[in-house]
Amino acid sequence: MDRFAPFIPVESPGVFWRGFYMNLKNISIVLHRTRYPENIGAAARAVCNMGLGQLVVVDPKNCDLTKVLKMATHVASEVVEEMEICADIKEALAPYNYVVGTTARLGSKRQGFSSPSKLAEKLVALSDNNRIAILFGPEDRGLSNTDLRYCHALVNIPTAGFSSVNLAQAVMIVCYEMFIAGREEGREFSPRLASRHELDGMYDQLKDILVRIGYINPDNPDYWMNKVRYFFNRLKLQAREVSIIRGICRQVDWYGNKRYDDGLKKEKKDS
1 MDRFAPFIPV ESPGVFWRGF YMNLKNISIV LHRTRYPENI GAAARAVCNM
51 GLGQLVVVDP KNCDLTKVLK MATHVASEVV EEMEICADIK EALAPYNYVV
101 GTTARLGSKR QGFSSPSKLA EKLVALSDNN RIAILFGPED RGLSNTDLRY
151 CHALVNIPTA GFSSVNLAQA VMIVCYEMFI AGREEGREFS PRLASRHELD
201 GMYDQLKDIL VRIGYINPDN PDYWMNKVRY FFNRLKLQAR EVSIIRGICR
251 QVDWYGNKRY DDGLKKEKKD S
């Protein structure tokens, strides 16, 4: 099939293109601490070109709307007008069920990455019932390891040599692959996954319990929790599964408190 065949838009929550379907309206581009407003404008243009749902900007260093709109052009001005600006990455990602982090660095702490085309194929089914965020970091250093703990998966753009790709170009490459991905025939059903907000609540509860029972080091709990996060992120937890895990945590907490209270009562009785 010719990947550059003309696109005929249709009225739908996603995009149907010569036998291909992706619910693009459920996919957002999230720019974290972007330094240059021109890159925000170029990203808005890519979102508009490829029909994605929304552009989200988190703690931008410079968000001069005059420069943003100039780069976006009048065609993408609506994307800029509807652009969401957040102060905190946790707040920005809270509504999303699946978060993909972009990275140029491929170290031991950055495992399980895909190319944009392979990632897009995986997201076809997920896009039906889940909100997906594609997260990009600052131009000068990209996403930190702390940022990546919010991500379920990583995407890396393969290059011949110099691995760092201009932010606006990287956004366009990823948006384009989202646009062309996934055949409608034989698509697998994917249920709604737990949102980032639901997962973070579970992780906070797990950390508290695991510290109290002595499973993880209380001096550096976040280091050990990163391993727990990586494990659960691979499982693609649904909301009801998160609810089960939180229920287990509550029961462990109740049982621990009960044993403590029973011990105090026994001490008083023996004395």
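Note that the numbering used here has the sequence shown beginning at 1, numbered continuously upward.
Glycine included, each C-beta is placed from N, C-alpha and C at the ideal position.
Note that the structure is a prediction, hence the values are computed from the model and not measured.
Query: Alanine 133 lies in the beta strand (DSSP E); which residues open and close that run?; Result: 132-136
Query: Assign phenylalanine 231 to one of three DSSP states: helix, strand, or coil.; Result: helix
Query: Compare the Cα-Cα distances from valine 57 to each of Met50, Gln169, Val68 and Met225 and report the closest residue.; Result: Val68
Query: Can you give, in chain order, each stretch of the alpha helix (DSSP H) that sits fully within the stretch 141-211 and has at least 4 residues?; Result: 145-148 and 167-180
Query: For arginine 45, tell me which candidate among Thr34, Val75 and Ser164 has the shortest Cα-Cα distance.; Result: Val75
Query: Enumerate in chain order the residues of its own chain whose CB-to-CB distance from isoleucine 245 is below 6 Å, with the five nearest sequence positions on each side excluded.; Result: Met202
Query: Express the C-alpha separation of cysteine 48 and tyrosine 98 in angstroms, rounding to a whole number.; Result: 21 Å
Query: Just checking glycine 51 against the ligand MG - is the residue's beta carbon closer than 6 Å to any of the ligand's heavy atoms?; Result: In the structure on display, the ligand MG does not appear, and there are no ligands present to speak of.
Query: Go to serine 77, then tell me how far its beta strand (DSSP E) extends in each direction, as first and last residue.; Result: No beta strand (DSSP E) holds serine 77; the alpha helix (DSSP H) holding it covers 77-81.
Query: By Cβ distance, which residues of its chain are closer than 7 Å to proline 37, with the 5 residues on each side in sequence left out?; Result: Asn62, Cys63, Asp64, Lys67 and Val68
Query: Determine the extent of the alpha helix (DSSP H) in which serine 127 is found, giving its start and end residues.; Result: 116-129
Query: I'd like the list of long-range same chain contacts for glycine 101, defined as Cβ closer than 6 Å, with 5 residues on each side in sequence excluded.; Result: Leu135, Leu143, Leu148, Cys151 and Leu154
Query: Any beta carbon of chain B sitting closer than 7 Å to that of phenylalanine 179?; Result: Although the question refers to chain B, the structure presented lacks it and comprises just one protein chain.
Query: Check whether the stretch 116-125 touches the stretch 173-181, taking contact to mean three or more Cβ pairs, one atom from each stretch, closer than 8 Å.; Result: yes
Query: Alpha carbon to alpha carbon, what distance is there between tyrosine 223 and glutamine 238?; Result: 24 Å
Query: Would you tell me roughly how many angstroms separate the C-alpha atoms of asparagine 217 and phenylalanine 232, rounded to the nearest one?; Result: 19 Å
Query: Exposed or buried, asparagine 166, counting other C-beta atoms within 10 Å across all chains shown (16 or more means buried)?; Result: exposed
Query: Going by DSSP, what residue range makes up the alpha helix (DSSP H) through leucine 69?; Result: 65-72
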